[in-house]
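In terms of my numbering, the sequence shown has 646 at position 646, counting the first letter as 1, and numbering is strictly consecutive.
For glycine and all other residues, C-beta sits at the position ideal for the given N, C-alpha and C.
The structure under discussion appears below in the form of C-alpha cells.
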Amino acid sequence: MAGVLRLVFKRTSSYFQQLTKSLHGVLERSLDVVRPGWNRLSAVSRGPVRAIGAFAQRSLQQSITSLHNRLRFVLRFSTKVVDSEAQLLGPNLNVSSDNDHVLTLPDIPTSNLEAPSVKWLLETSTDPEVFLAAASLVPQVEWPLDLDVSDMLHQLYDIYTSCVGFHGQIMPSLEEKASACLMAMSHLYCGHVLKAHPTSGKFLGCRERDYDTFDQMIQRNIKDVDQRVLIVTRNLCFLQDEDRRFLWFSLYDCPGSVAEWLSHSLPYHFVTGRANEKVEIFAIEVISKLLSSTSSPSNQIMANCALLACVMVGVQFDKKDIVRIDKSSALPRFANTLLEQFEITLWTRYDDLSDDSTGIAYREANLIEAICLVLKSAKNYYNPSLHAMRNLDACRKIYSRIKSYWAEQHNPWELMDDPQNTLQNALRFTLTAAKVSRDPVNLWHCQCLGTGDSHSPEDFDWLIDYLDECIRFDDDEALFDILLLLFSRKVRCSPAKRHQFLNSLIACMHSNTVHLRHAALRLAHSAREDIVLIDAIDNAELRDMILTEFSPAILTAVCPQPGVTLSHDSPDRFVRDQSDLCYLELLFSLARNSNWHLHLFADQHIDRCISMVAEHRVGKHAFYLTGILLRIAPEQSSVTSLNSITEWQWWNMVQSAWGCAHYVIDDIHCFEFLPVLAEGTKRYMHIARELDLKLLIGNVDSVLNALEGRDSQQGEGESVAVAVKELRTAASDMLEKLVSSRGVVSP
1 MAGVLRLVFK RTSSYFQQLT KSLHGVLERS LDVVRPGWNR LSAVSRGPVR AIGAFAQRSL
61 QQSITSLHNR LRFVLRFSTK VVDSEAQLLG PNLNVSSDND HVLTLPDIPT SNLEAPSVKW
121 LLETSTDPEV FLAAASLVPQ VEWPLDLDVS DMLHQLYDIY TSCVGFHGQI MPSLEEKASA
181 CLMAMSHLYC GHVLKAHPTS GKFLGCRERD YDTFDQMIQR NIKDVDQRVL IVTRNLCFLQ
241 DEDRRFLWFS LYDCPGSVAE WLSHSLPYHF VTGRANEKVE IFAIEVISKL LSSTSSPSNQ
301 IMANCALLAC VMVGVQFDKK DIVRIDKSSA LPRFANTLLE QFEITLWTRY DDLSDDSTGI
361 AYREANLIEA ICLVLKSAKN YYNPSLHAMR NLDACRKIYS RIKSYWAEQH NPWELMDDPQ
421 NTLQNALRFT LTAAKVSRDP VNLWHCQCLG TGDSHSPEDF DWLIDYLDEC IRFDDDEALF
481 DILLLLFSRK VRCSPAKRHQ FLNSLIACMH SNTVHLRHAA LRLAHSARED IVLIDAIDNA
541 ELRDMILTEF SPAILTAVCP QPGVTLSHDS PDRFVRDQSD LCYLELLFSL ARNSNWHLHL
601 FADQHIDRCI SMVAEHRVGK HAFYLTGILL RIAPEQSSVT SLNSITEWQW WNMVQSAWGC
661 AHYVIDDIHC FEFLPVLAEG TKRYMHIARE LDLKLLIGNV DSVLNALEGR DSQQGEGESV
721 AVAVKELRTA ASDMLEKLVS SRGVVSP
C-alpha cells in the first residue's frame with residue numbers, strides 16, 4: 001500500500017508541475033479565444049483571461065487542501081489510459097499492398113500539452129466566464145487519444161441541456177454557452193470515435209443512440225454554424241458501412257473557421273469507414289472552399305487539406321496523428337506522400353493490365369481537381385515528380401477510352417460522370433506534379449517537363465488529336481494545358497500529324513484569349529527549328545500553308561489588343577517584354593531561311609521590328625533585332641521601311657548586339673551569325689566615337705574569350721573566330737587613328 005501511495009503522490013506531483021507550466025500556455029491562448037474569429041465569446045469578452053488567471057491562482061493556492069480530489073483524478077486518469085501506440089488503420093484504404101504509404105509524425109512531448117489544464121478547468125471551475133473560455137479552447141488544443149474524455153462529454157452535454165428552457169429551445173441569454181459546449185462536444189466526440197475504432201459504441205449514454213441525441217440538438221433553435229458542426233458530427237454515430245441518409249449543407253456562406261474545423265474532422269469519417277460518395281463530394285468541396293480563396297491559405301489549412309486528400313487516396317496514418325491539431329510542420333511530408341500515392345492510384349486505375357483495384361470509389365474529375373488545388377497551394381513543399389511520362393500515359397489511356405466509347409456509342413459523355421473533365425484534370429495533375437506553372441507570366445521561363453525517358457514523336461499523336469478537338473469545342477482551359485505540355489516536354493510532331501499540328505497552332509495564335517495566344521507563340525518558338533526548314537517539307541500544300549498562314553498568325557499572337565498602350569509601370573509590361581523576346585527569337589530563326597524573307601516583309605514583321613528598335617536598345621532583344629534586320633537588309637535594300645533606319649540607329653544596334661553576344665553564342669545559330677554581325681559592324685563603324693570603339697573592343701574581346709573555350713575551332717568554327725578577330729583588328733586600327741588625329745594640332 002505504501003508503494004502504491006508513493007506512486008500516486010509522485011504522479012500527483014508530476015501533474016501539478018505540468019499544470020503550472022501548461023496554465024501559462026492556456027492563459028496566452030485565451031487571448032485568441034476572445035477574438036471574433038469563432039464568434040463564441042461576444043458576451044463574455046469583458047475579461048475571461050483575467051477570470052482564468054484569478055481562478056488559477058486561487059486553485060493553486062488551494063492545491064494542498066484539494067489534494068484528495070486530485071488523487072481521485074489521478075487514479076481515474078491512470079485506469080483509463082489506452083495504448084498510446086495507436087493501431088495503424090486497417091487495410092481498407094490500401095491502394096496496393098506493395099505500395100502502402102504509412103506516415104507517422106513525431107510525438108508531442110506530454111509537457112507541451114495544454115489539454116490536461118483545459119480539462120481540469122472545465123471539471124473544477126464554478127466561474128461561468130472561466131468555463132466558457134476553457135470550453136472555447138477545446139477545439140484549439142491537442143487532445144491525445146490516451147487522455148480519457150468520457151466524463152467531459154457527459155459534463156458538456158449536461159451543461160448544454162441546462163441552457164435549454166421549458167419550451168425545449170435554447171434560452172437567448174445562454175446561447176453563447178450552449179454554442180461553446182456544442183463545439184467542444186463535437187470536437188471531443190470525433191476523437192472518441194476514432195479512439196474506439198474499429199469497435200463502436202454509445203459514448204454519450206443519453207439516449208438509445210448517440211445519433212438521436214445529436215439529432216435532437218440539431219432540431220433546436222441553434223445557430224447555423226452550430227447546426228453545421230453537429231450535422232457532420234452526427235454522421236460519425238453510424239456504424240461502419242451502415243446504410244444511411246446524409247443531410248449535408250452548402251459551404252457557400254460557411255464561415256472560414258468552421259470550414260477549417262471540417263478539414264480537421266472529415267478524415268475521421270474516412271478512416272472509421274463512415275464515408276461514402278456524398279462524404280467524398282463534401283470533403284472535396286471543403287478543400288476547394290479553403291484553397292480557392294483569393295487570400296493565401298495558412299500552412300495549417302494546407303496541411304489539413306493535404307491530410308484529408310491523403311486519406312481519400314489511401315495513405316495510412318496513425319490515429320494519434322489524425323487527431324493532431326497543429327500539422328503544419330508535416331506539410332512537406334503530406335504533400336510529397338499525396339503526390340506519390342495519387343500517381344500510384346492514377347497508374348493503377350488506368351493501367352491496361354488491371355481494372356480498378358484501388359478499393360477507392362471517387363468522382364475522378366473532382367478529386368483530381370482537389371488534389372491539384374492542394375499541390376498548387378503547397379507548391380513550395382513538395383519535390384517535382386520524376387514520372388511525367390507515366391502520368392501522361394495514364395492521360396492517354398483515359399483519352400483512348402473516351403474515343404473508343406465515342407466510336408461505339410456516339411456519345412463519350414456517358415463513359416464517366418464527366419469524362420472530359422477527368423481527362424483535363426489528369427493533364428492538370430501531370431503539370432502540377434511536375435511543377436510546371438500555369439501562371440501566364442511564367443510561360444516565358446524555361447519550364448522543362450523532364451521524364452528521363454526516350455519517346456518518339458508518335459507517342460504524342462493523341463495530344464495533337466486532343467488539341468484539335470478542344471479547338472472545335474472552344475475549350476480554352478484544356479487548350480492551354482495541352483500547349484503547356486507540348487512545349488514543356490519539347491515535343492516534336494510526327495510527320496503524320498505535322499499538318500494537323502500547325503493548323504491547330506495557327507488557330508490558337510488567332511484566339512481571343514491572350515494567354516492562349518502567348519502559349520501558342522511559346523510552342524511555335526519551341527518548334528521553330530522544324531518550321532524554319534520549310535524546304536525539307538515534301539508536302540507542297542503544307543509548305544504553302546505554313547508560308548502564307550503561319551507568318552501572319554505569329555504577328556496576331558504577339559501584338560497587343562488594338563488601342564491598348566502599356567505604361568512603363570504596368571504589371572503586363574514584363575509579359576510584353578518576354579513575349580517580344582520570344583517573338584524576336586522566332587523571327588531570328590525564320591530569317592535564316594531566305595524563303596521566309598518575302599513573307600516577313602509582306603506580313604509586316606519587318607515594320608514591327610523597325611518600330612521596336614528604339615524600345616529595345618540593349619540585351620537579347622537588341623541582338624535578335626540586329627540579326628533579323630542584317631540578314632534581310634542586303635537583299636531588300638530598296639524597301640522604304642529599311643531606309644528609315646538611320647546610320648546611328650544601325651550603329652547602336654550592332655554595338656548593343658556585341659554587348660550581348662557572349663551570352664548567346666552557345667546557341668549554334670547565334671554562333672553562326674557572328675560573321676554577319678562582324679560585317680555589319682564594319683559597315684557602320686566609321687561613325688563611331690572613341691568611347692564607342694573602346695566599348696566595342698571590350699565586348700568583342702569577351703566574345704573571343706568565349707570562343708576560345710569552345711570544344712572545336714575547326715571548320716566553320718574557325719572561320720567564325722577569324723571573322724571576329726578581323727573585326728577586332730579593324731576596330732583597334734580605327735581607334736588608334738582617332739586617338740592619333742586628336743593629338744595633331746592644326747597649323
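- Secondary structure of Gln316 (DSSP, three-state): strand.
- Under the Cβ criterion (8 Å, minimum of three pairs), the stretch 543-559 counts as touching the stretch 506-513.
- For the pair Ser579 and His518, the CB atoms are nearer than the 8 Å cut-off.
- Going by DSSP, Asn652 is part of the alpha helix (DSSP H) stretching over Glu647 to Val664.
- When the Cα atoms are used, Ile287 and Val118 turn out to be separated by approximately 30 Å.
- By the neighbour-count definition (other C-beta atoms within 10 Å, threshold 16), Pro172 is an exposed residue.
- Under the DSSP definition of a beta bridge, Ile170 partners with Val164.
- In this structure, the beta-carbon distance from Leu373 to Ser292 falls below 8 Å.
- Taking C-alpha positions only, Leu431 is separated from Glu176 by approximately 47 Å.
- Ranked by how close their Cα comes to the Cα of Gly698, the residues Arg728, Trp596 and Lys682 have Arg728 in first place.
- Across the set Ile665, Gly680 and Ile632, the C-alpha of Gly680 shows the shortest separation from the C-alpha of Glu647.
- Within the model, the alpha-carbon separation for Ser644 versus Trp444 is close to 31 Å.
- Annotated as proximal: Gln300 and Ser328, with beta-carbon spacing under 8 Å.
- Taking all protein chains shown into account, His167 has fewer than 16 neighbouring C-beta atoms within 10 Å of its C-beta and is therefore exposed.
- Spatial neighbours of His662 in its own chain (CB-CB distance under 6 Å, excluding positions within 5 residues in sequence) are listed in chain order as Ser702, Val703 and Ala706.
- For Gln140, there is no enclosing alpha helix (DSSP H), as DSSP gives it neither H nor E.
- Val613 places its beta carbon less than 8 Å from that of Leu625.
- In the three-state scheme derived from DSSP, where H, G and I count as helix and E and B as strand, Arg689 is classed as coil.
- Here Tyr399 is buried, its C-beta having at least 16 other C-beta atoms within 10 Å.
- Per the coordinates, the alpha-carbon of Val491 lies some 24 Å from the alpha-carbon of Trp596.
- For the pair Cys660 and Gly709, the CB atoms are not nearer than the 8 Å cut-off.
- Exposure of Gln219 is indicated by the presence of fewer than 16 other C-beta atoms within 10 angstroms of its C-beta.
- If you draw a 10 Å sphere on the C-beta of Ile464, you find 16 or more other C-beta atoms in it, and that means buried.
- At the C-beta level, Ala378 and Met312 stay beyond 8 Å of one another.
- The C-beta of Ile687 has fewer than 16 other C-beta atoms within 10 Å across all chains shown, which makes the residue exposed.
- Inter-segment contact for the stretch 481-491 and the stretch 532-547 is absent: fewer than three beta-carbon pairs are separated by less than 8 Å.
- The DSSP assignment places complete alpha helix (DSSP H) segments of no fewer than 4 residues inside the stretch 460-534 at 461-472, 476-488, 498-509, 514-526 and 528-532, in order along the chain.
- The alpha-carbon separation between Leu483 and Ala520 amounts to approximately 7 Å.
- The criterion of a C-beta distance shorter than 8 Å is not satisfied by Ser295 and Thr233.
- In the DSSP assignment, Gln227 falls within the unbroken alpha helix (DSSP H) covering Asp224 to Asn235.
- In chain order, Ser589 place their CB closer than 8 Å to the CB of Glu529, counting only its own chain and leaving out the 5 sequence neighbours on each side.
- Phe429 and Asn391 do touch by the CB rule: their CB atoms are close to 7 Å apart, below 8 Å.
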